[in-house]
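J.: I have a structure I would like to understand better, so I am pasting it below and will then ask my questions one at a time.
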Amino acid sequence: MRFRRMESIVEAVGNTPMVRLRALEKDAPGTKIYLKLEYANPGGSVKDRPARQMMLDAIEDGRLTHDKILIDATSGNTGVAYSFLGAAMGYRIQLVMPSNVSQARKDITEAFGTEIIYSDPMEGSDGAIVKVRKMVAEDPDRYFYADQYSNPSNPRAHYLGTGREILEQVGDEITHFVAGLGTSGTCMGTTRRLHEHTRKIQCIALEPAEALHGLEGLKHMESSLVPEIYDSKVPDEILPVSTDAGWDMSDRLAAQEGLHVGHSTGANVAGALEVAKRADASCVVAIACDRGDRYFAPMKWEKHYEW
Amino acid sequence: MAVTVRIPTPLRTLTGGADEVSVDGGTVAEVIENLETNHPGMKDRLCDDKGVRRFVNIYANDEDIRFLDNLETVLKEGDTLSIVPAIAGGASL
Numbered sequence: 006m007r008f009r010r011m012e013s014i015v016e017a018v019g020n021t022p023m024v025r026l027r028a029l030e031k032d033a034p035g036t037k038i039y040l041k042l043e044y045a046n047p048g049g050s051v052k053d054r055p056a057r058q059m060m061l062d063a064i065e066d067g068r069l070t071h072d073k074i075l076i077d078a079t080s081g082n083t084g085v086a087y088s089f090l091g092a093a094m095g096y097r098i099q100l101v102m103p104s105n106v107s108q109a110r111k112d113i114t115e116a117f118g119t120e121i122i123y124s125d126p127m128e129g130s131d132g133a134i135v136k137v138r139k140m141v142a143e144d145p146d147r148y149f150y151a152d153q154y155s156n157p158s159n160p161r162a163h164y165l166g167t168g169r170e171i172l173e174q175v176g177d178e179i180t181h182f183v184a185g186l187g188t189s190g191t192c193m194g195t196t197r198r199l200h201e202h203t204r205k206i207q208c209i210a211l212e213p214a215e216a217l218h219g220l221e222g223l224k225h226m227e228s229s230l231v232p233e234i235y236d237s238k239v240p241d242e243i244l245p246v247s248t249d250a251g252w253d254m255s256d257r258l259a260a261q262e263g264l265h266v267g268h269s270t271g272a273n274v275a276g277a278l279e280v281a282k283r284a285d286a287s288c289v290v291a292i293a294c295d296r297g298d299r300y301f302a303p304m305k306w307e308k309h310y311e312w
Numbered sequence: 002m003a004v005t006v007r008i009p010t011p012l013r014t015l016t017g018g019a020d021e022v023s024v025d026g027g028t029v030a031e032v033i034e035n036l037e038t039n040h041p042g043m044k045d046r047l048c049d050d051k052g053v054r055r056f057v058n059i060y061a062n063d064e065d066i067r068f069l070d071n072l073e074t075v076l077k078e079g080d081t082l083s084i085v086p087a088i089a090g091g092a093s094l
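Quick note, the sequences are listed as chains B and C, same order.
If you count the first sequence from 1, you need to add 5 to reach the working numbering.
If you count the second sequence from 1, you need to add 1 to reach the working numbering.
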């Protein structure tokens, strides 16, 4: 599939590869662990899927037109996805993000012509959501508010894509699926598809163990604005994962598997490894949300922030 | 000597909802100790046995304390200490 010739970059979203984590499997003998590399999407993350689906569905039913601005709250990957898709399809994009996002993030989206509006860094990603809602309420006709937290096209992208692809790639082997909760789109959509499979597949949602955590992209539901698309009854189980476990696993994946991934992927794989040790597990699939290089910036050389 | 500490949303359950609290202390470490006294549970959220947790960012005025003297960073009356959350959310990433 990935060799095919395409008419547009929009078609390049999805059909991502899956790799086996043989070094990690030594910690859970007898269980296969696979990681689906969503960072192979053209925008570099799993977010290309929901962004594409939200845009295509809205174009089809007329919510998104060329005289409107697509706006949403996003600190990163969804913004990159809207930006390249918007550039390729000719739509104007505005993003609301906390002002302490790294310069690299701002630069990536702006390279595609996207306009950025800043929100208070102390309010985190929820502050960006509150701000975008206010802007849209004041001038509703001007915008198509994609609203990845409430838009059913977000989980639909995973129902139609991620879930189907997983079944094609591992066939009937899969016993467990693990995904972290952010907007919850990946978990909701993929789980719904996997639960339609003839044999029961245990689908486990991971959430940060702490309210103040460092697993960017994941949400501690109890202390957050809960996304409208999130239904706690969909996953079979919710498993807490600590920031330290996620960060350490990111390092281990780079050193032992040759996979340089972001911290949310580290958390997903830390959860997957825990699940792989269970007696009823024989094949566990997890999601690699994005690459680690998207997170290089702030600590080392980007010393000064503008608030 | 009092400094203003800005509290991020996830930790406001410990401050009764307050987004800012006034705390005594001449260094970041002293402020954290006093924060813990006034709002039990705060220190464990911010620090582990090696110091400030690696995913927690603390700013003295507008500078990350990692680029100053870390926990020993000296504060003066009226300074602002900000505990800034990682940019987490659903935009996942």
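Even glycine gets a Cβ: it sits at the ideal position worked out from N, Cα and C.
In this text, all values refer to a predicted model and were calculated from it rather than measured experimentally.
Run the proximity test for Met254 of chain B: is its beta-carbon closer than 7 Å to any non-hydrogen atom belonging to the ligand COA?
T.: Within the structure as shown, the ligand COA is missing, as the structure has no ligands at all.
J.: If you draw a straight line from the C-alpha of Thr167 of chain B to the C-alpha of Thr191 of chain B, how long is it?
T.: 8 Å
J.: With Ile66 of chain C as the anchor, note down where its beta strand (DSSP E) starts and where it stops.
T.: Careful: Ile66 of chain C lies outside any beta strand (DSSP E) and carries neither H nor E.
J.: By the DSSP assignment, the alpha helix (DSSP H) with Ala89 of chain B in it spans what residues?
T.: What sits at residue 89 of chain B in the sequence shown is Phe, not Ala. Asn82 to Met94 is the span of the alpha helix (DSSP H), which, as asked, contains Phe89 of chain B.
J.: Quick one, which residues of the segment 44-56 of chain B are near chain C if we go by CB-CB under 8 Å, in chain order?
T.: Ser50, Val51 and Lys52
J.: With a threshold of 8 Å between beta carbons, is Ser228 of chain B in contact with chain C?
T.: yes
J.: Listed from N- to C-terminal order along the chain, which residues in the segment 167-199 of chain B have their beta-carbon within a distance smaller than 9 Å of any beta-carbon of chain C?
T.: Gly185, Leu186, Gly187, Thr188, Ser189, Gly190 and Thr191
J.: By a C-beta neighbour count over all protein chains shown, 10 Å radius and 16 as the cutoff for buried, is Ile243 of chain B buried or exposed?
T.: exposed
J.: Within its chain, find whatever has a CB closer than 6 Å to the CB of Ser130 of chain B; leave out the 5 residues flanking it on each side and keep chain order.
T.: Answer for Ser130 of chain B: Ser80, listed in chain order.
J.: Look at the alpha carbon of Thr16 of chain C and the alpha carbon of Met193 of chain B, and state the distance between them as a whole number of angstroms.
T.: Using only the alpha carbons, I get a separation of about 34 Å.
J.: May I ask you to report which of helix, strand or coil DSSP gives Gln58 of chain B?
T.: Three-state DSSP puts Gln58 of chain B in a helix.
J.: Counting only runs of 4+ residues fully inside the segment 247-308 of chain B, write out the alpha helix (DSSP H) ranges in chain order.
T.: Those alpha helix (DSSP H) runs which fall completely within the segment 247-308 of chain B and span 4+ residues are 248-257, 268-281 and 302-305.
J.: Indicate the three-state DSSP secondary structure (helix, strand or coil) for Glu21 of chain C in the structure shown.
T.: strand
J.: Starting from the Cα of Ala284 of chain B, find the closest Cα among B:Gly251, B:Asn105, B:Pro34 and B:Ile74 and give me that residue.
T.: B:Pro34
J.: Applying a beta-carbon distance threshold of less than 8 Å, which residues of chain B neighbour Leu12 of chain C?
T.: Ala216 and Leu217
J.: Listed in chain order, which residues of the segment 119-131 of chain B have Cβ atoms closer than 9 Å to some Cβ of chain C?
T.: Pro126, Met127, Glu128, Gly129, Ser130 and Asp131
J.: Using 8 Å as the Cβ pair cut-off and three pairs as the minimum, do the segment 88-101 of chain B and the segment 217-237 of chain B touch?
T.: no
J.: Buried or exposed: which applies to Ser189 of chain B, given that a residue is buried once 16 or more other Cβ atoms fall within 10 Å of its Cβ?
T.: So Ser189 of chain B counts as buried.
J.: I'd like the list of long-range same chain contacts for Gly95 of chain C, defined as Cβ closer than 7 Å, with 5 residues on each side in sequence excluded.
T.: The displayed coordinates of chain C run from 2 to 94. Any statement about residue 95 of chain C would go beyond what the structure contains.
J.: According to DSSP, is Asp53 of chain B helix, strand or coil?
T.: helix
J.: Measure the CB-CB distance between Ala281 of chain B and Leu42 of chain B and report whether it falls below 8 Å.
T.: no
J.: Quick one, which of B:Met11, B:Val106 and B:Glu173 has its alpha-carbon nearest Met23 of chain B's?
T.: That would be B:Glu173, whose Cα lies nearest to the Cα of Met23 of chain B.
J.: Going along the segment 96-112 of chain B in order, which residues come within less than 8 Å of chain A, judged by CB to CB distance?
T.: Here chain A cannot be found, since the structure's protein chains are B and C.
J.: Taking the Cβ atom as the reference point for each residue, do Thr83 of chain B and Asn46 of chain B lie within a distance shorter than 8 Å?
T.: no
J.: Can you give the Cα-Cα distance for Asn62 of chain C and Ile98 of chain B, rounded to whole angstroms?
T.: So the two alpha carbons sit approximately 33 Å from each other.
J.: At a Cβ threshold of 8 Å, is Pro9 of chain C touching chain B?
T.: yes
J.: Using a beta-carbon distance below 8 Å, is His202 of chain B in contact with chain C?
T.: no
J.: In the DSSP output, which residue or residues are listed as bridge partners for Cys192 of chain B?
T.: Looking at the DSSP output, Cys192 of chain B bridges to nothing.
J.: So what does DSSP say about Asp49 of chain C, is it helix, strand or coil?
T.: strand
J.: In chain order, what residues of the same chain have a beta carbon less than 6 Å from the beta carbon of Leu264 of chain B, not counting five sequence neighbours either side?
T.: Leu258
J.: Judging by CA-CA distance, which residue of C:Ile59, C:Thr10 and C:Ala30 is the nearest neighbour of Ala133 of chain B?
T.: C:Thr10
J.: Under the three-state reduction of DSSP, which class applies to His71 of chain B: helix, strand or coil?
T.: coil
J.: Need the endpoints of the beta strand (DSSP E) that Gln207 of chain B sits in, please.
T.: Gln207 to Pro213
J.: Using only alpha-carbon positions, find the residue among B:Ser13, B:Val18 and B:Met11 that is nearest to Ala162 of chain B.
T.: B:Val18
J.: Taking the straight line between their C-alpha atoms, what separation do you get for Ser158 of chain B and Met59 of chain B?
T.: 5 Å
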